[in-house]
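Asks: Have a look at this one before I ask anything.
What follows is the structure in structure tokens.
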């Protein structure tokens, strides 16, 4: 029987959840796998393993296990595997989880991930301290449609992290760039949201691995495909500025107000004309607009969308936006972050 701190298990579960599959396409992808040395999750695109020394090997249904763990009120819990079940005792709680499942295929896949990490030529390297922040800033600009190929991806190219769905382009420059790689944005963004500090990375044949100081390893499957890097950099370096608009003093407040009525992705429309700037949030339940007039602009009216969940962070240290009327684009640029968004066509 193994005794564990309840708060430790709650913390571990939060960290490894990105590796769980929402839909179980392969048996085992929605289970916690106890290897004896680690507790592991694997969904085909993401594999997370957290060190956990324990005296048994088995797997349990993750959803059921999480619900029970979250109900515990005592400081410790005991786990014991016997007769095809994992037994949990904690205070007045007695739970039994079936360990019978066809997990051979997933276990084999997890083993292949471990094998790449343990290969003789594999080597951990320090990663830029701003990596997690950069990923969180650029990934909202990736496409959610997997049929869009590399537009769904986070690109690590030269010294930049970048994402673009064809309408939005986000670039974050790093002082210490990692080796080039390509991963699905949704997969790596789920990892950077975990409450860990990523210190190291490793690029192997099929995976990108990120590790924290406690040897928790997040592995994300590498993707392949073409992307117009030269064209992307040209957009940034040769951006034709027809107008520079100094942002109103209450711009961030307007965004915050507009976010009260937003759809799931938090899209806010910003409309600019000669007399006012309007930040509008809209959903099926209602809408709200915030009008701003302390700015100067002389040109045709235009509208562009922003994501309220991160636009306030984008605006830190930025007091202006550049307008390219001919190509219907707006750019916010202040290193290390640059954001370009297409105007809405009328």
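Numbering (this note's numbering), first residue to last: 1371 to 1716. C-beta atoms are modelled at their ideal positions from N, C-alpha and C, and glycine is treated no differently.
1. Give me the Cα-Cα distance between residue 1459 and residue 1437, rounded to the nearest whole angstrom.
2. For a quick check, are the C-beta atoms of residue 1496 and residue 1570 less than 8 Å apart?
3. Rounded to whole angstroms, what's the CA-CA distance from residue 1653 to residue 1517? Just pull it up for me.
4. Closer than 8 Å is the cut-off here; do at least three beta carbon pairs connect the region 1647-1667 with the region 1568-1587?
5. Quick one, are the C-beta atoms of residue 1696 and residue 1612 less than 8 Å apart?
6. Any idea what DSSP makes of residue 1540, helix, strand or coil?
7. Considering only the beta carbon of each residue, do residue 1520 and residue 1445 sit closer than 8 Å?
8. So is residue 1513 buried or exposed if we call it buried at 16+ other beta carbons inside 10 Å?
9. Please classify residue 1465 as buried or exposed, where buried requires at least 16 other C-beta atoms within 10 Å of its C-beta.
10. For the region 1553-1604, which segments carrying the alpha helix (DSSP H) assignment without a break, of at least 4 residues, lie completely within its bounds, in sequence order?
11. Roughly how many whole angstroms lie between the Cα atoms of residue 1599 and residue 1530?
12. Mapping DSSP to helix, strand and coil, what is residue 1466?
13. Do residue 1590 and residue 1578 come within 8 Å of each other at the CB atom, strictly closer than that value?
14. Where residue 1388 and residue 1644 are concerned, what is the direct C-alpha to C-alpha distance, given to the nearest angstrom?
15. When you compare only the Cα positions, how much space is there between residue 1658 and residue 1431?
16. For residue 1492, which residues in the same chain have their Cβ closer than 8 Å to its Cβ, ignoring the five residues on either side in sequence?
17. For the beta strand (DSSP E) containing residue 1653, name the first residue and the last one.
18. Are the region 1541-1559 and the region 1401-1412 touching, with three or more C-beta to C-beta distances below 8 Å?
19. Express the C-alpha separation of residue 1673 and residue 1421 in angstroms, rounding to a whole number.
20. Taking the straight line between their C-alpha atoms, what separation do you get for residue 1608 and residue 1616?
21. In three-state terms, what does DSSP make of residue 1409?
22. Out of curiosity, what's the CA-to-CA distance linking residue 1462 and residue 1561?
23. If residue 1568 and residue 1524 are in contact, beta carbons under 8 Å, what's the gap, nearest whole angstrom?
Replies: According to the structure data:
1. 14 Å
2. For residue 1496 and residue 1570, yes; Cβs fall inside 8 Å.
3. Linking residue 1653 to residue 1517 through their CA atoms gives a straight-line distance of about 26 Å.
4. no
5. yes
6. strand
7. no
8. Residue 1513 is buried by the Cβ-count criterion.
9. By the beta-carbon neighbour count (other beta carbons within 10 angstroms, threshold 16), residue 1465 is buried.
10. 1555-1562
11. Cα to Cα, the separation comes out at about 11 Å.
12. Assigned with DSSP and collapsed to three states, residue 1466 falls in strand.
13. yes
14. Between residue 1388 and residue 1644, the C-alpha separation is close to 46 Å.
15. 43 Å
16. 1486, 1572, 1574
17. 1647-1653
18. no
19. 49 Å
20. 20 Å
21. strand
22. 34 Å
23. Actually they do not touch by this definition, with Cβ atoms about 14 Å apart.
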